[in-house]
Amino acid sequence: MKTVRLGQTDLQVSRLCLGCMTYGDPLRGNPEESSRPLIKQALDAGINFFDTANSYSDGSSEEILGRALKDYAQRDQVVVATKVYFPLSNLSQGLSRTNILQSIDDSLTRLGMEYVDLLQIHRWDYVTPIEETLEALDQVVRSGKARYIGASSMHATQFAQALQLQLIGREIFKRETCDKCGSTWDKLDLSGTSQGD
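Structure (structure tokens):
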């Protein structure tokens, strides 16, 4: 399978990314025994890019993906993206410094990894100041827990607001499908991945 450079990063990703939202607790998705063969098949087909989130199946998606990748792949040969925003257990939702720092540690534990390649904020947080969010994400990258940061499920104007602060530069963002986003993305010189429904 062909690979492409993801944005302005050094990440070489397969043109297809395996989304792992449906892997996890049987009440919310596929149990591990039926999820693992799909991950193995994706690897065998040349897919090296895997997307999950702390909230997918209450965290069990990350656990399943982490165990499967440990068994079937070398860590430096795959690109793992996860997300933060939605609450698990006693954590509050959102993009507060406390929630981001606790969530990345919990995600790394569930994945069984020392770092993720891409940590994305899963939603725009209308309560937490964007400066607090960006400073926390910067801390995550500086600590080596994530190589790059990005965002998902937000409007292009919200990305522009974050970029104005010049704390995160031109990183990776999920391009929302909308008629007006393309020109905004082009003006900001941003790259992104597409999200299927």
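Residue numbers for the sequence shown follow this note's numbering, beginning at 45 and rising by one. Ideal Cβ placement from N, Cα and C applies to all residues, glycine included.
Short Cβ contact (8 Å threshold) for residue i with residue j
i: ALA180; j: ARG141; result: yes
i: SER154; j: GLY110; result: Checking the sequence shown, residue 154 turns out to be Arg, not Ser. A contact, by the Cβ cut-off of 8 Å.
i: VAL57; j: VAL123; result: yes
i: ALA190; j: VAL160; result: yes
i: ASP54; j: ASP102; result: no
i: ALA125; j: LEU162; result: yes
Proximity winner among the options, relative to residue i (alpha-carbon distances)
i: GLY194; options: ARG59, ALA89, LEU71 and VAL128; result: VAL128
i: SER104; options: VAL123, GLN146 and LEU152; result: LEU152
i: SER99; options: LEU62, LYS189 and ILE148; result: ILE148
i: SER192; options: GLN183, MET198, HIS199 and ALA200; result: Looking at the sequence shown, residue 192 is not Ser but Tyr. Among GLN183, MET198, HIS199 and ALA200, the Cα nearest to that of TYR192 belongs to GLN183.
i: ILE91; options: ASN143, LEU60 and MET65; result: LEU60
i: ASP120; options: PHE94, GLY138, ASN143 and ILE108; result: PHE94
i: ASN143; options: THR172, THR96 and VAL122; result: THR172
i: MET157; options: MET198, GLU175, ARG49 and GLY188; result: GLY188
i: LEU145; options: GLN118, LEU178 and LYS114; result: LEU178
Residues near residue i in its chain [Cβ-Cβ closer than 8 Å; skip 5 each side]
i: GLN85; result: none
i: LEU62; result: LEU82, ILE83, ALA86, ILE91, PHE93, PHE94 and ASP95
Secondary structure of residue i, DSSP reduced to three states
i: THR47; result: strand
i: GLY63; result: strand
i: TYR159; result: coil
i: ARG72; result: coil
i: GLY110; result: helix
i: GLN183; result: helix
i: TYR170; result: coil
i: GLY103; result: helix
i: GLN118; result: coil
i: LYS189; result: coil
i: ALA89; result: coil
Other residues of its chain near residue i: CB distance less than 7 Å, five sequence neighbours each side excluded
i: ALA16; result: Outside the shown range of the chain, which is 45 to 241, sits residue 16, and nothing can be said about it.
i: GLY138; result: TYR129, ASP169, VAL171 and THR172
i: CYS64; result: PHE94, ASP95, THR96, TYR100, SER105 and LEU109
i: GLN202; result: TRP168
Bridge partners - residue i, DSSP secondary structure assignment
i: LYS127; result: GLN164
i: SER140; result: In the DSSP output, where bridge partners are listed per residue, SER140 has none listed.
i: ASP95; result: GLY63 and ALA125
i: GLN56; result: ARG49
Spatial neighbours of residue i in its chain, beta-carbon cut-off 6 Å, leaving aside the 5 residues before and after
i: ILE108; result: TYR67, GLU76 and SER79
i: TYR116; result: LYS84 and LEU87
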